[in-house]
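Protein chains in written order, with our numbering: chain D, -9 to 206; chain V, -9 to 206. Just so you know, even glycine gets a beta-carbon here, dropped at the ideal spot from N, CA and C.
There are 2 protein chains.
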Amino acid sequence: MSENVGRWLRDEIENAILSSEFVPGERLDETVLANRFGVSRTPVREALMQLDAIGLIEIRPRRGAVVIDPGPHRIYEMFEVMAELEGLAGSLAARRLDKTSRDAITASHSRCEQSAGAGDSDAYYYDNEEFHKAIYAASRSDFLQEQCVQLHRRLRPYRRLQLRVRNRLSTSFLEHCAIVDAIFAGNGDEARRLLRTHVGIQGERFSDLVASMAAR
Amino acid sequence: MSENVGRWLRDEIENAILSSEFVPGERLDETVLANRFGVSRTPVREALMQLDAIGLIEIRPRRGAVVIDPGPHRIYEMFEVMAELEGLAGSLAARRLDKTSRDAITASHSRCEQSAGAGDSDAYYYDNEEFHKAIYAASRSDFLQEQCVQLHRRLRPYRRLQLRVRNRLSTSFLEHCAIVDAIFAGNGDEARRLLRTHVGIQGERFSDLVASMAAR
DNA sequence: AATGCCATTCTTGTATACACAAACATTGAC
DNA sequence: GTCAATGTTTGTGTATACAAGAATGGCATT
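If you want it as structure tokens, here you go:
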């Protein structure tokens, strides 16, 4: 538990939303949450305000707080921005690569290879996250890294859905290989291009996403 | 005044920070702010929590809230990300341009021409903002637009400093012309490239920034 | 004279209480 | 029978009070 009840609650509720325990559109009642976490209403309100400021929930006066439902179109837009930011991270990483970052990328990349080879989509989901985070870190831009991590978190539930799609595991890993090659070769433009298409959701992948969202 | 005191205060304090009334490093005392705005401490805390969640201030447990001092390096990183996002907005705008957006861009562009011609850097500062917002809107991506506006707001004070630099007004306007041409020609890649260099701060412009920050 | 410890004060953090607004239901009138 | 108005209940919004922790200053001791 964090040093501060409000902040702890914020993280707790944020995780509950990102892990789909609280689904989009769901009403978040202050007293219910207060009872559930064994605190008074005040820190709950503080946490909700912060989540509202971040954009995860919406507090409408006298209507209560509800989890924001982004909808397929907005999800697409978010992936579009994510692709752009990851592309930038990749191109910076290619230029600024040092040994530490290189080792981190190599390590997470080979973990991806293992879980992809085993067809373990849950393990790959986790290793993939580490791989991308290693690239953010390699960009050597703290701000960019923070932005990427934040967006990555918000897109997490949908990314998980995507991995369920047939053959996506091996395709994803092959793309990783090319990305690693480009970064290690110092080819920033190529790394950017590859990451943009790797992260973005074009054509059929968008309909896969919509379909899996609807199936939920 | 907004429908909600906490939210109103958040905007109020945010503006005070972005207009450099509260400078980086400054301590924000809850009771002082409460007295100043004629409200109790509770809504002030709510506002501060939200600003903390956004990343404008930092609340350290039992140490109070201070305005975050980004420092030159982080400012540079923020401009770097901004350049990337604006590039994306420009490339999408070039692809998706419709009459409404085209008119909005043309209108704000000619206002820039007037204020640049008159050498009125304060007017240009405002018109320039509208010009860039018109491009965000033309991207037809709500999420991208929101991200751009938010970052634009946070970088506002530094952008203002930059415009003071000699000849920057006319240079900036010439760049705008090329950007408009590329977007209207439907040349997304060119619009992206031009916006990236227009917004980013390379070489001497970075030292200009650092110098003007130090002079403050 | 310097350093360490204790106490006091200030500030944040949490909870409770009170007030206001909105929505829904019930009753009365047309 | 239907519509409107009023009252009650529920839930949000704000403020105040109380508690806990951290920092600073002073005093005492070495």
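Worksheet item: From what residue to what residue does the beta strand (DSSP E) around Val57 of chain V run?
Response: 54 to 57
Discussion item. Output needed for Ala168 of chain D: all residues of its chain with C-beta closer than 6 Å, excluding positions within five of it in sequence on either side, in chain order.
Written reply: Leu184
Discussion item. With a threshold of 6 Å on Cβ separation, who are the neighbours of Glu180 of chain V within its own chain once the five nearest residues in sequence on each side are excluded?
Written reply: Ala172
Discussion item. Contact criterion: CB-CB distance below 7 Å. Does Phe133 of chain D meet it with respect to chain V?
Written reply: yes
Worksheet item: From this set, V:Thr90, V:Glu119, V:Leu78, V:Val29, which residue's C-alpha is nearest Asn177 of chain V's C-alpha?
Response: V:Leu78
Worksheet item: Using 7 Å as the limit for Cβ to Cβ distance, is Met68 of chain D near chain V?
Response: yes
Discussion item. Taking the straight line between their C-alpha atoms, what separation do you get for Arg182 of chain D and Pro60 of chain D?
Written reply: 27 Å
Discussion item. Taking CB distances under 7 Å as the criterion, tell me whether Asn5 of chain D reaches chain V.
Written reply: no
Worksheet item: Expressed to the nearest angstrom, what Euclidean distance is found between the alpha-carbon atoms of Asn118 of chain V and Thr187 of chain V?
Response: 16 Å
Worksheet item: Is Leu18 of chain V helix, strand or coil when you go by DSSP?
Response: strand
Worksheet item: Going along the chain, which residues of its own chain have a beta-carbon closer than 8 Å to the beta-carbon of Arg0 of chain D, five neighbours each way excluded?
Response: Glu36, Ala37, Gln40, Leu41
Practice prompt. Could you check what DSSP says for Arg50 of chain D in three-state terms: helix, strand or coil?
Written response: strand
Worksheet entry | Where the segment 76 to 88 of chain D meets chain V: residues whose CB sits under 7 Å from a CB there | Leu78
Worksheet item: Is Arg182 of chain D close to chain V, meaning its C-beta is less than 7 Å from at least one C-beta of that chain?
Response: no
Worksheet entry | Under 8 Å by beta carbon: chain D residues contacting Gln104 of chain V | The premise fails here: Gln104 of chain V is roughly 33 Å from chain D at the closest Cβ pair, so nothing lies under 8 Å.
Practice prompt. Residues of the segment 49 to 64 of chain D with a CB closer than 7 Å to any CB of chain V: list them in chain order, please.
Written response: Pro51, Arg64
Practice prompt. Have a look at V:Ala55, V:Ala128, V:Asp198 and flag the residue whose alpha-carbon is nearest the alpha-carbon of Arg85 of chain V.
Written response: V:Ala128
Practice prompt. Please classify Ser9 of chain V: does DSSP put it in a helix, a strand, or coil?
Written response: coil
Worksheet item: Expressed to the nearest angstrom, what Euclidean distance is found between the alpha-carbon atoms of Ala124 of chain D and Leu46 of chain D?
Response: 25 Å
Item to complete: Return no unless some Cβ of chain D is closer than 7 Å to the Cβ of Asn177 of chain V.
Response: no
Worksheet item: For the segment 49 to 65 of chain V against the segment 11 to 30 of chain D, are there 3 or more C-beta pairs whose distance is under 8 Å?
Response: no
Fill in: Under 7 Å between C-beta atoms of Ala43 of chain V and Ala43 of chain D
yes
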